[in-house]
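Asker: Note that numbering that gives the first Met the number 0 numbers the sequence shown so that position 173 is 172, with each residue one more than the last.
Please find one structure pasted underneath; my questions will follow.
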Amino acid sequence: MRAEELFKAFADESRVKIVLSLSSGPKFVEQLSEELNIGVSTVSFHLKKLLSAGVVTTKKEQYYQVYSLNGDLMRRTFFDVLSCENTPAVPAENDAFARKVVEECFVNGRVEKLPVQIKKRMIIYRETLKNFKDGEWYSQGEASVIIADTIDDFITAKREMAELKLIEEADGRIRKVSFLT
């Protein structure tokens, strides 16, 4: 994600209204349409733009798509967003590409070999960081064990996670960056 893509997503009044509505919880297209007095097709169009920018996520419930805010992105500071220019784009967790990467790379909950493409590595790293509790600091050893439970080459993984600002280190302790899921 690039900052300008994110700002473009918020450059439309209807999209801002949709984001504000979703701040109260997940909703179906029809719910948003009724609540905001905007046509269903218009809401769908804007949701696609927000989904593409990573602002919202979607999951299927029975026959319907339910849209939610990407809370991790929403918790980022303005400076974090501006500094993300060089951060590789990461598909939303619900994205078909991300699911495919997880299915291809994980065998019995482990990654034997990290993919070469950084886009795929980011997905693997995000999946691995789900094993870290939000806001909790871990010792270097604890963090290494958590990462090693998923990735054999945990040293490379931990170094790259730090370089990509997916984890932060302070006083010899590590935690995942708060805007990750």
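Each residue gets a CB set at the ideal place from its N, CA and C atoms; glycine is no exception.
Computed from a predicted model, the values in this text were never measured in an experiment.
Going by the beta-carbon positions, is the gap between phenylalanine 105 and arginine 174 smaller than 8 Å?
Answerer: The sequence position of residue 105 within the sequence shown is 106, counting from 1. The sequence position of residue 174 within the sequence shown is 175, counting from 1. Their beta carbons are not under 8 Å apart, which means phenylalanine 105 does not touch arginine 174 by this criterion.
Asker: When burial is assigned at 16 or more other CB atoms within 10 Å of the CB, is leucine 19 buried or exposed?
Answerer: Here residue 19 refers to the residue found at position 20 when the sequence shown is read from its first residue. Classification for leucine 19: exposed.
Asker: Any contact between the segment 129-145 and the segment 107-121? By contact I mean 3 or more CB pairs, one from each, below 8 Å.
Answerer: Between the segment 129-145 and the segment 107-121 there are fewer than three inter-stretch CB-CB distances shorter than 8 Å, so the stretches are not counted as touching.
Asker: With burial defined as no fewer than 16 other Cβ atoms inside 10 Å of the residue's Cβ, what is the status of lysine 99: buried or exposed?
Answerer: For this step, residue 99 is matched to residue 100 along the sequence shown. Classification of lysine 99: exposed, given that the 10 Å Cβ count is below 16.
Asker: Is the segment 46-54 touching the segment 0-10, taking contact as three or more C-beta pairs under 8 Å?
Answerer: yes
Asker: Assuming leucine 19 is part of the beta strand (DSSP E), what are its boundary residues?
Answerer: Indexing the sequence shown from 1 puts residue 19 at position 20. Taken as a continuous stretch (DSSP letters only), leucine 19 belongs to no beta strand (DSSP E), being part of the alpha helix (DSSP H) at 12-21.
Asker: With burial defined as no fewer than 16 other Cβ atoms inside 10 Å of the residue's Cβ, what is the status of glutamate 60: buried or exposed?
Answerer: As a working note, residue 60 is residue 61 in the sequence shown. The residue in question, glutamate 60, is exposed, as its Cβ has fewer than 16 Cβ neighbours within 10 Å.
Asker: Use the C-beta contact count for alanine 142: other C-beta atoms within 10 angstroms, 16 or more gives buried, fewer gives exposed.
Answerer: In the sequence shown, counting from the first residue as 1, residue 142 sits at position 143. Buried, since its Cβ has 16 or more Cβ neighbours within 10 Å.
Asker: In whole angstroms, what separates the C-alpha of leucine 165 from that of valine 39?
Answerer: Translated into positions along the sequence shown, residue 165 becomes position 166. Translated into positions along the sequence shown, residue 39 becomes position 40. Using only the alpha carbons, I get a separation of about 36 Å.
Asker: Which residues share a DSSP beta bridge with isoleucine 166?
Answerer: Against the sequence shown, residue 166 aligns to sequence position 167. In the DSSP output, where bridge partners are listed per residue, isoleucine 166 has Lys175.
Asker: Quick one: using the 10 Å Cβ neighbour count with 16 as the cut-off for buried, is alanine 10 buried or exposed?
Answerer: As a first step, residue 10 is located in the sequence shown; it is residue number 11 there, counting from the start. Classification of alanine 10: exposed, given that the 10 Å Cβ count is below 16.
Asker: Do tyrosine 63 and phenylalanine 27 have their C-beta atoms closer together than 8 Å?
Answerer: Taking the sequence shown and counting its residues from 1, the one referred to as residue 63 is at position 64. Taking the sequence shown and counting its residues from 1, the one referred to as residue 27 is at position 28. Yes, Cβ-Cβ distance for tyrosine 63 and phenylalanine 27 is below 8 Å.
Asker: Where does lysine 7 sit, in a helix, a strand or coil, going by DSSP?
Answerer: Counting from 1 along the sequence shown, the entry for residue 7 is found at position 8. If DSSP states are grouped into helix, strand and coil, lysine 7 belongs with the helices.
Asker: Run through DSSP, which three-state label would glutamine 116 get?
Answerer: Indexing the sequence shown from 1 puts residue 116 at position 117. Of the three classes helix, strand and coil, the one that applies to glutamine 116 here is coil, per DSSP.
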